[in-house]
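If you count by the numbering used here, then the sequence shown holds residues 1 to 194, one letter each, in order. The structure appears right after this line, and notes come after that.
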Amino acid sequence: MTRRALPKIFSRLRHDTRGVAAVEFALIAPVMVVLYLGGVELTRVIGADRKVSLASRVAADLVARESAAISETKLTTVCKGTLAMLAPFPTGTLNITISSIVTSATGKSTIGWTRVFLNGNCSSSAAGTGPLAAGSVVSLPTGLAVNGASLISASASYDYTTLFRTVFDTATVNLGEQSYMRPRTQNTVCYVSC
């Protein structure tokens, strides 16, 4: 190759456009893949959050519809129903807490009873100590406390595990919802017996 041929080769390469599309695609493909995977993950997180919110509302609503004291069997059925709502997501990290909150004639709101379902297990346990133990004083959102009435509170929390946990920084996203419902047919829904 001579010195005179070198400028001709560079000129020919500069005007040759046969590989431009392949180079452009090679540059933009990683960006497109990341946008696609991010869109898929965002859609799944939003879907899981909606299902957790729905599970909380339905749990509170089903307990509030009881016309007599609610039994452990019925609470287990409510739990199984809320687990079914989470499909197709795994239910192993779903925690549900259902409480009856009674407001006295003086306006003091206390926990009547609480049942806790942990890690997708429908065997409930009482909240023996802590803020949800029977008799504990609670503060309700403005406008919900009615003197001499009660509320059913259902809280659902869920740890969503991302599909692409090796790509994204956080492997789990904590989702949660708190719902309140008034008893439909009686003033208070009792646990087991009134």
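From the three backbone atoms N, C-alpha and C, an ideal C-beta is built for every residue, glycine too.
Beta-carbon proximity of residue i to residue j, cut-off 8 Å
{"i": "A60", "j": "Y180", "result": "yes"}
{"i": "L175", "j": "E41", "result": "no"}
{"i": "V189", "j": "E66", "result": "yes"}
{"i": "G135", "j": "I111", "result": "yes"}
{"i": "A154", "j": "I101", "result": "no"}
{"i": "L151", "j": "R182", "result": "yes"}
{"i": "A156", "j": "T82", "result": "yes"}
{"i": "L94", "j": "Y158", "result": "yes"}
{"i": "W210", "j": "Y191", "result": "The structure shown does not extend to residue 210, since the chain is modelled only from 1 through 194, so no value can be given for it."}
{"i": "V137", "j": "S109", "result": "yes"}
{"i": "C122", "j": "K80", "result": "yes"}
Three-way DSSP call (helix, strand, coil) for residue i in this model
{"i": "T195", "result": "Nothing in the structure corresponds to residue 195, since the chain is present only between 1 and 194."}
{"i": "F164", "result": "coil"}
{"i": "E177", "result": "strand"}
{"i": "A137", "result": "According to the sequence as given, residue 137 is Val; it is not Ala. In this structure, V137 counts as strand in the three-state DSSP scheme."}
{"i": "S67", "result": "coil"}
{"i": "T17", "result": "coil"}
{"i": "V34", "result": "helix"}
{"i": "T91", "result": "coil"}
{"i": "T43", "result": "helix"}
Unbroken beta strand (DSSP E) run spanning residue i, endpoints
{"i": "I152", "result": "150 to 161"}
{"i": "I111", "result": "109 to 117"}
{"i": "T97", "result": "95 to 103"}
Of the listed residues the options, nearest to residue i (C-alpha basis)
{"i": "S104", "options": "F117, L83, S139, C122", "result": "S139"}
{"i": "R184", "options": "T17, L27, V23, V63", "result": "V63"}
{"i": "V52", "options": "V137, V192, V173, Y191", "result": "V173"}
{"i": "G107", "options": "N119, K74, G148", "result": "G148"}
{"i": "L118", "options": "G92, V137, S109", "result": "G92"}
{"i": "Q178", "options": "R115, A171, R57", "result": "R57"}
{"i": "R165", "options": "K8, V45, A5, V31", "result": "V45"}
Residue range of the alpha helix (DSSP H) that includes residue i
{"i": "V78", "result": "72 to 85"}
Exercise for review: Could you tell me whether the stretch 134 to 153 touches the stretch 76 to 94, where touching means 3 or more Cβ pairs closer than 8 Å?
Suggested key: With a cut-off of 8 Å, the stretch 76 to 94 and the stretch 134 to 153 do not count as touching, because too few Cβ pairs lie within range.
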